[in-house]
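Residue numbers (the numbering used here), protein chains in the order written: chain A, 115 to 444; chain B, 115 to 444; chain C, 78 to 286; chain D, 78 to 286.
Ideal placement from N, C-alpha and C gives every residue a C-beta, glycine not left out.
Read through the structure below, which is laid out as structure tokens, and then see the notes.
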Amino acid sequence: MKKLINSADSVVTDALAGMAEAHPSLRVDVDNKIIYRRSAPVAGKVGLVSGGGSGHEPLHGGFVGHGMLDAACPGEIFTSPVPDQVIEATKGVDGGAGVLHIVKNYTGDVLNFEMAAELCAEEGIEVAVVLVNDDVAVKDSLYTAGRRGTGATVFVEKIAGALAETGAPLAEVVRVGTEVNARSRSFGVALSPGTVPAAGKPNFDLADDEIELGIGIHGEPGRTRAPAAPAREIARIAMDAVHADMPLTGDVLVMVNGMGGTPLIELYVVFAEVAAYVRDKGATLTRSLVGNYVTSLDMQGFSVTVCALTDELTRLWDAPVETPGLRWGR
Amino acid sequence: MKKLINSADSVVTDALAGMAEAHPSLRVDVDNKIIYRRSAPVAGKVGLVSGGGSGHEPLHGGFVGHGMLDAACPGEIFTSPVPDQVIEATKGVDGGAGVLHIVKNYTGDVLNFEMAAELCAEEGIEVAVVLVNDDVAVKDSLYTAGRRGTGATVFVEKIAGALAETGAPLAEVVRVGTEVNARSRSFGVALSPGTVPAAGKPNFDLADDEIELGIGIHGEPGRTRAPAAPAREIARIAMDAVHADMPLTGDVLVMVNGMGGTPLIELYVVFAEVAAYVRDKGATLTRSLVGNYVTSLDMQGFSVTVCALTDELTRLWDAPVETPGLRWGR
Amino acid sequence: MDVQFFTAWIEEIARAVADGRDHLTRLDAAIGDADHGSNLDRGFTAVLAALAATPPETPGAVLTLTGTTLIRKVGGASGPLYGTAFRRMGAALGQGDADVTLAGLAAALDEALAGVRKLGGATEGDKTMVDALGPATRALAEAADKGMDAEEALDAARDAAEEGARATIPLQARKGRASYLGERSVGHEDPGAASTALMFRALRAVAGR
Amino acid sequence: MDVQFFTAWIEEIARAVADGRDHLTRLDAAIGDADHGSNLDRGFTAVLAALAATPPETPGAVLTLTGTTLIRKVGGASGPLYGTAFRRMGAALGQGDADVTLAGLAAALDEALAGVRKLGGATEGDKTMVDALGPATRALAEAADKGMDAEEALDAARDAAEEGARATIPLQARKGRASYLGERSVGHEDPGAASTALMFRALRAVAGR
Ligand SMILES: Nc1ncnc2c1ncn2[C@@H]1O[C@H](COP(=O)(O)OP(=O)(O)O)[C@@H](O)[C@H]1O
Ligand SMILES: Nc1ncnc2c1ncn2[C@@H]1O[C@H](COP(=O)(O)OP(=O)(O)O)[C@@H](O)[C@H]1O
Ligand SMILES: [Mg+2]
Ligand SMILES: [Mg+2]
Ligand SMILES: [Mg+2]
Ligand SMILES: [Mg+2]
């Protein structure tokens with residue numbers, strides 16, 4: 115394993131120190147591992163807090179700023195944050211209008227955020243949660259921990275963040291966040307595994323002619339292994355999974371997201387295939403993102419996330435945003 | 115080799131098709147491999163054209179748009195574009211105020227742009243060139259092709275683009291572009307090689323405990339091989355090379371750029387070290403970029419580029435830009 | 078079993094987790110995200126520091142501090158779950174500094190089990206730490222009922238935990254990260270069940286001193 | 078040497094480039110960017126198509142069309158350089174359809190060499206295609222002077238090109254991408270010199286038919 119790190123133990127805080135240097139619009143509490151927008155708390159505005167394991171950059175810290183999150187709590191690599199972080203962040207962004215926790219549906223994230231929320235509630239802060247669970251590779255049944263939260267997190271953070279910026283009340287922000295999640299689906303594919311620094315070697319092995327379908331973002335193996343194939347076929351497999359779960363129709367927002375080790379040129383190749391697929395089903399691709407947004411360390415591969423837009427969601431998507439990872443309109 | 119491509123031969127045009135779908139603000143001529151901003155040509159504005167081999171995305175196509183390039187000509191992977199592309203692009207962006215070619219200093223790029231420029235001049239278009247050669251890993255002597263152009267290309271495109279947007283004449287745009295290049299230095303390090311699709315296997319071998327110092331962006335080996343080391347030491351080697359060539363002083367713009375296969379979290383770790391180095395030398399890091407800007411397919415590693423700012427350069431850096439790869443202020 | 082005993086237990090767990098860190102992480106790599114070993118190691122390292130900083134004076138306080146520290150330092154699924162388990166045990170043992178009986182320990186473990194089941198929603202057979210914790214708790218209660226001595230009783234608890242952990246191998250996971258794998262989770266030992274067995278081994282080892 | 082001869086030469090180069098593509102790319106991987114084989118293959122595939130679409134009627138036209146097509150399709154350093162070489166040869170042979178003599182071919186190659194040297198600024202010893210093209214051009218001129226027959230003369234040219242390419246191995250590059258490597262470029266054959274040798278082998282092969 116070769117990585118640009120000082121040590122496996124310090125990678126998260128070292129990177130936070132780098133974020134602090136690079137982004138004057140953020141206030142980074144390196145010791146407590148919390149990234150705030152400098153203006154937090156904004157009086158009268160619902161505060162948005164998200165968090166989760168590190169290794170998914172720019173998620174979540176890169177989405178802190180105007181029009182998106184007020185704070186992010188990065189855990190250790192692939193490990194959800196601890197309640198203390200979430201409690202501290204929640205207090206730090208509470209402008210009196212309540213705080214929304216945007217939580218990806220993993221047992222660890224759910225439990226740690228729940229514990230934090232309980233304690234914040236006891237201290238009189240109104241906390242609500244939007245649970246993101248968009249990954250169609252996982253069956254949502256009694257026999258699993260439920261669908262994972264992946265790419266739709268970016269959509270929820272952006273759109274709920276835009277609404278919160280207008281001064282909307284917590285219930286409204288929850289409503290729109292929940293709606294974005296309900297209208298979003300994702301599917302991921304890995305060409306090669308990532309390497310957790312503390313583990314020192316790749317999380318699974320893939321032969322030179324194999325890919326993993328239905329991959330998550332924590333280096334966990336996927337649902338099935340398949341032979342390597344042209345981008346067109348891989349994109350079709352991913353989109354078939356999405357379409358089977360939520361038939362494509364109307365205006366859609368599509369993100370083709372890199373897993374961290376895949377170059378942009380390949381993501382554009384995939385995006386061309388995805389766009390053709392969407393058109394073929396009669397839906398209209400009106401908004402898009404192509405790039406690294408929800409990564410999995412240095413894993414090679416991509417995920418595709420589709421959100422069925424409404425006029426309201428489109429308007430909120432287009433609203434100004436100013437974060438390290440997503441920026442337009444200001 | 116596993117890649118998200120349909121075939122090694124079609125990767126550049128397939129990716130261009132994806133860019134066309136993703137970015138309505140661009141007009142992509144897939145057949146001729148030219149990316150235009152939709153508004154080109156802008157009457158009375160100096161047109162900016164750049165180009166070079168593909169595999170460095172978002173460079174150059176991702177920097178087409180308001181405040182930066184008017185057109186980009188991507189060649190095959192790591193192969194400079196042909197004169198026909200450059201001629202066509204130059205004609206397509208000529209708004210009557212002349213056209214600037216921003217060319218990275220590689221024999222192939224220089225020759226092909228030169229041929230194109232001659233022909234355009236014959237057809238009555240005023241063409242000037244800014245040659246980018248910022249890579250201190252290469253000795254600039256009679257005994258080499260001269261320094262390579264790498265990260266500073268982004269700075270030149272951004273700053274010259276901002277000046278052109280104000281309606282400045284060609285000579286002024288050339289002056290500022292030349293100045294940015296003269297005030298910029300880069301150094302790159304690879305942890306693992308990239309793989310050219312048509313070649314099918316990595317361009318060089320690196321042992322699990324070795325890194326390449328002074329790497330270029332075309333998968334070419336570096337100047338020397340060194341043992342793997344903590345990020346702090348690697349950053350110091352890179353910054354020492356920069357500082358030895360251009361002592362750090364005053365306000366500096368610093369880019370820590372990923373080579374395509376390195377995750378953002380590691381780039382922030384490096385950035386923290388670079389920022390500490392800059393401070394230690396008494397210079398002031400006033401502007402920065404951390405991310406994938408000038409990549410080398412799926413190579414793992416980074417480059418650092420430093421530009422010694424002036425007030426004018428800072429102002430032009432801050433001016434609005436709206437491209438797929440760089441966006442602020444609108 | 079006094080405050081020294083419980084302190085020694087936690088210290089023994091910390092040692093065993095440090096030794097078994099890579100093994101636990103490898104188990105987690107197979108069906109999870111390759112961090113269970115480092116998660117617990119980070120947690121118990123912090124627990125050792127906390128115990129050293131303000132040595133608790135009662136058995137209950139040892140376990141409560143352990144649980145609280147795990148919740149504050151581990152994260153992931155195992156942090157809240159093990160944290161809750163130890164906090165529940167601590168609460169069950171109460172504030173007294175009297176020696177804890179086998180029956181008292183069994184009752185405390187039962188509380189821990191209930192806490193983990195409630196928080197995580199898992200039942201036995203879901204391929205989680207509950208598959209080791211459940212049988213071990215029952216074995217200890219039975220042994221206490223039968224009037225076995227501490228070493229015998231903790232032998233039985235450890236054996237049941239180990240057997241429970243082994244028995245997760247053929248199961249398909251229905252909770253936690255491994256459940257995403259569906260059928261591909263079959264054939265691997267659950268890392269949390271393995272770490273639970275490790276804790277019962279540590280308990281037995283300390284009792285034998 | 079008539080228009081058929083020159084057409085056959087270019088076709089033979091195209092075949093040899095397709096066969097040698099991976100070899101040339103491997104040479105370029107060692108001290109460059111691993112694209113010389115695919116660059117030339119793309120170029121000569123386009124040249125074949127161009128020759129087939131509008132078969133030129135004079136030797137000069139064959140070479141001019143070849144050069145123009147290379148410039149339009151190859152890119153990189155080798156595109157303009159080889160393109161210029163063939164265009165210069167074509168111009169030197171002029172518009173006539175008379176058979177080209179050995180002396181005429183030698184004079185055209187000399188033009189090609191001058192064009193490459195001027196455009197790229199390389200001299201012999203810089204570890205470029207010039208290191209094969211220079212000696213081969215001189216060898217052909219000498220052979221023509223001596224009144225050798227075509228096969229003998231082209232033997233000499235080919236041998237000189239091959240020898241020139243081999244002789245690049247110990248050199249340190251001073252031009253092109255390989256120069257970035259400094260001393261590390263020593264010990265590898267220059268890909269452009271190797272492809273130039275290939276073109277002289279093709280020339281000799283066609284003459285022997
Ligand atoms: N819902 C649950 N109930 C009980 N135990 C669980 C549950 N979910 C996960 N676990 C246990 O947690 C272990 C994983 O812990 P760890 O790897 O530290 O956390 P994470 O899964 O968040 O990475 C699993 O092996 C399993 O034993
Ligand atoms: N300045 C130059 N003069 C002559 N030949 C050159 C020069 N620069 C490069 N070459 C030749 O071009 C070859 C490389 O061609 P190619 O790989 O196709 O282009 P690129 O270097 O742009 O990738 C080198 O091996 C060398 O022979
Ligand atoms: Mg985890
Ligand atoms: Mg090239
Ligand atoms: Mg885990
Ligand atoms: Mg080359």
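Alpha carbon to alpha carbon, what distance is there between residue j and residue i?
i: Asp145 of chain B; j: Asp198 of chain B; result: 12 Å
i: Lys147 of chain A; j: Gly405 of chain B; result: 21 Å
i: Arg346 of chain A; j: Gly364 of chain A; result: 23 Å
i: Gln249 of chain D; j: Met353 of chain B; result: 27 Å
i: Leu125 of chain D; j: Glu88 of chain D; result: 7 Å
i: His137 of chain A; j: Ala162 of chain C; result: 41 Å
i: Val94 of chain D; j: Asp267 of chain D; result: 15 Å
i: Ala304 of chain B; j: Ala234 of chain C; result: 53 Å
i: Gly253 of chain C; j: Val126 of chain A; result: 24 Å
i: Ser155 of chain C; j: Met413 of chain B; result: 36 Å
i: Leu128 of chain D; j: His215 of chain B; result: 33 Å
i: Arg215 of chain D; j: Ala183 of chain D; result: 8 Å
i: Ala251 of chain B; j: Ile329 of chain B; result: 8 Å
Terminal residues of the continuous beta strand (DSSP E) containing residue i?
i: Thr131 of chain C; result: Premise fails: Thr131 of chain C is in no beta strand (DSSP E) and is neither H nor E.
i: Gly327 of chain A; result: Reading the sequence as shown, one finds Leu at residue 327 of chain A and not Gly. Taken as a continuous stretch (DSSP letters only), the beta strand (DSSP E) holding Leu327 of chain A covers Glu324 to Leu327.
i: Asp365 of chain A; result: Asp365 to Gly372
i: Lys218 of chain A; result: Val213 to Lys218
Counting contacts by CB-CB distance shorter than 9 Å, is residue i in contact with chain B?
i: Arg261 of chain D; result: yes
i: Phe416 of chain A; result: yes
i: Arg165 of chain D; result: no
i: Asn371 of chain A; result: no
i: Gly109 of chain D; result: yes
Strictly under 9 Å for the Cβ-Cβ distance: is residue i near chain D by that measure?
i: His332 of chain B; result: yes
i: Gly246 of chain B; result: A quick correction: the sequence has Val, not Gly, at residue 246 of chain B. So no, Val246 of chain B is outside the interface.
i: Val196 of chain B; result: yes
i: Thr264 of chain B; result: no
i: Met229 of chain B; result: yes
Are the C-beta of residue i and some C-beta of chain A separated by less than 9 Å?
i: Tyr391 of chain B; result: no
i: Thr419 of chain B; result: no
i: Leu196 of chain C; result: yes
i: Ile87 of chain C; result: no
i: Gly153 of chain C; result: yes
i: Gly375 of chain B; result: yes
Counting only beta-carbon atoms, is residue i nearer than 9 Å to chain C?
i: Glu190 of chain A; result: yes
i: Asn120 of chain A; result: no
From which residue to which residue does the alpha helix (DSSP H) around residue i run?
i: Gln199 of chain A; result: Pro197 to Val207
Going by the C-beta, is residue i closer than 8 Å to any heavy atom of ligand 8?
i: His332 of chain A; result: Ligand 8 is not part of this structure, which contains only ligand 1, ligand 2, ligand 3, ligand 4, ligand 5 and ligand 6.
Under 9 Å between C-beta atoms, does residue i make it to chain F?
i: Asp208 of chain C; result: Here chain F cannot be found, since the structure's protein chains are A, B, C and D.
Cβ pair count under 8 Å reaching 3, the segment 177 to 192 of chain A against the segment 156 to 166 of chain A: yes
At least three beta-carbon pairs within less than 8 Å, the segment 240 to 260 of chain A to the segment 278 to 292 of chain A: yes
Segment contact, 8 Å Cβ cut-off, at least three pairs: the segment 98 to 115 of chain D with the segment 254 to 266 of chain D: yes
Given 8 Å, three or more beta-carbon pairs between the segment 389 to 401 of chain A and the segment 358 to 377 of chain A: yes
Contact between the segment 152 to 161 of chain B and the segment 277 to 289 of chain B (3+ Cβ pairs under 8 Å): yes
Three-pair Cβ contact test at 8 Å for the segment 205 to 219 of chain A versus the segment 437 to 444 of chain A: no
At least 3 beta-carbon pairs within less than 8 Å: the segment 368 to 378 of chain A vs the segment 337 to 344 of chain A: no
The segment 419 to 433 of chain A in contact with the segment 382 to 391 of chain B per 3-pair CB rule at 8 Å: no
Three-pair Cβ contact test at 8 Å for the segment 133 to 141 of chain D versus the segment 171 to 178 of chain D: yes
Given 8 Å, three or more beta-carbon pairs between the segment 262 to 282 of chain A and the segment 300 to 314 of chain A: yes
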